[in-house]
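**Student:** This is the structure I want to talk about, given as structure tokens.
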Amino acid sequence: MPRAEKSQPKRLKEIRDAAASVFAEKGFHGASTRDIADRLGIKQAGLYHYFSSKNAALTEVCRMGVEEFHDRARDIANADMTADEKITAAIAAHMAPFHQMPDYVKVFLNERRYLSSDTAKPVTRLAASYEKVLQGMFEEGVLDKTFQPDLDCRLVTLAMLGLCNSVLQWYRGSDATEITDIAHKYAGIIVGGVKR
């Protein structure tokens, strides 16, 4: 494989990371492709080789933000664990990117509403699928009598996501252990509140 082809995925990641950082810092409407190019130390025209527009860059950042959540949750849902273990693992997996890739998560949560209607559809479908995977874990717990029989699985899924996502409003730590500890405590709150 030619060297240029090998370096392209690395360069694309650098450009996505820069776009995520700029969008997280300035918001979609406050950011420009020039800001992204400046962050990378390249000419603005160089970005168009990777993204046709600012909206295309936002779409890619949002897709990456939710895809990570979805893939981890699907793996957990298919694992040989009890329902309460799955919820605990799902909360930890949901919160790990808050430390690992916080800009992507912030952009997905706060800026995806600015996606154009055609580019929003795949991102919205992936987010809805993620919620369904999580909801399925709660439903499994109801069926196996781990969780309360009258549990509103949709509502508790949304409550769990709201609780976990709120961490981004106040968390300023730089240690992954802190996020792990917070996730463990949140899992105790959620699982403790739904168990029989």
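Residues in the sequence shown are numbered from 1097 upward in steps of one, following this note's numbering.
Think of the CB as a built atom: it goes at the ideal place given N, C-alpha and C, for glycine as much as any other residue.
So what's Ile1275 in DSSP terms, helix, strand or just coil?
**Tutor:** Residue state, collapsed to three classes: helix.
**Student:** Output yes or no for whether 8 Å exceeds the beta carbon distance between Met1191 and Glu1164.
**Tutor:** For Met1191 and Glu1164, no; Cβs fall outside 8 Å.
**Student:** Over the uninterrupted alpha helix (DSSP H) stretch that includes Ile1183, give me the two end residues.
**Tutor:** Note, Ile1183: alpha helix (DSSP H), 1179-1196.
**Student:** Could you name the residues of the same chain whose beta carbon sits closer than 8 Å to that of Leu1257, not counting the 5 residues immediately before and after it, in chain order?
**Tutor:** Excluding residues within five positions, the ones whose Cβ falls inside 8 Å are His1190, Glu1227, Leu1230.
**Student:** Going by other Cβ atoms of all chains shown within 10 Å of its Cβ, with 16 needed for buried, is Asp1180 buried or exposed?
**Tutor:** Label assigned to Asp1180: buried.
**Student:** From Trp1266 to Pro1245, what distance separates their C-alpha atoms?
**Tutor:** Their Cα atoms are separated by approximately 34 Å.
**Student:** Counting only the same chain and skipping the five closest in sequence on each side, list residues whose C-beta sits under 6 Å from that of Lys1150.
**Tutor:** Contacts found: Thr1129.
**Student:** What does the alpha-carbon distance come out to for the pair Phe1243 and Ile1183?
**Tutor:** Straight-line Cα distance between these residues: approximately 11 Å.
**Student:** On a Cα-Cα basis, can you pick out the residue from Thr1273, Ile1187, Asp1240 that is closest to Thr1253?
**Tutor:** Considering only alpha carbons, the answer is Ile1187.
**Student:** Rounded to the nearest angstrom, what separates Asp1277 and Gly1269 at their Cα positions?
**Tutor:** Their backbone Cα atoms lie some 12 Å apart in a straight line.
**Student:** Buried or exposed: Tyr1144, going by 16 or more other Cβ atoms within 10 Å of its Cβ?
**Tutor:** So Tyr1144 counts as exposed.
**Student:** Who are the near neighbours of Ala1116 in its chain, counting only those whose CB is closer than 7 Å to its CB and skipping five residues on each side?
**Tutor:** Result list for Ala1116: Val1157, Asp1199, Tyr1200, Val1203, in chain order.
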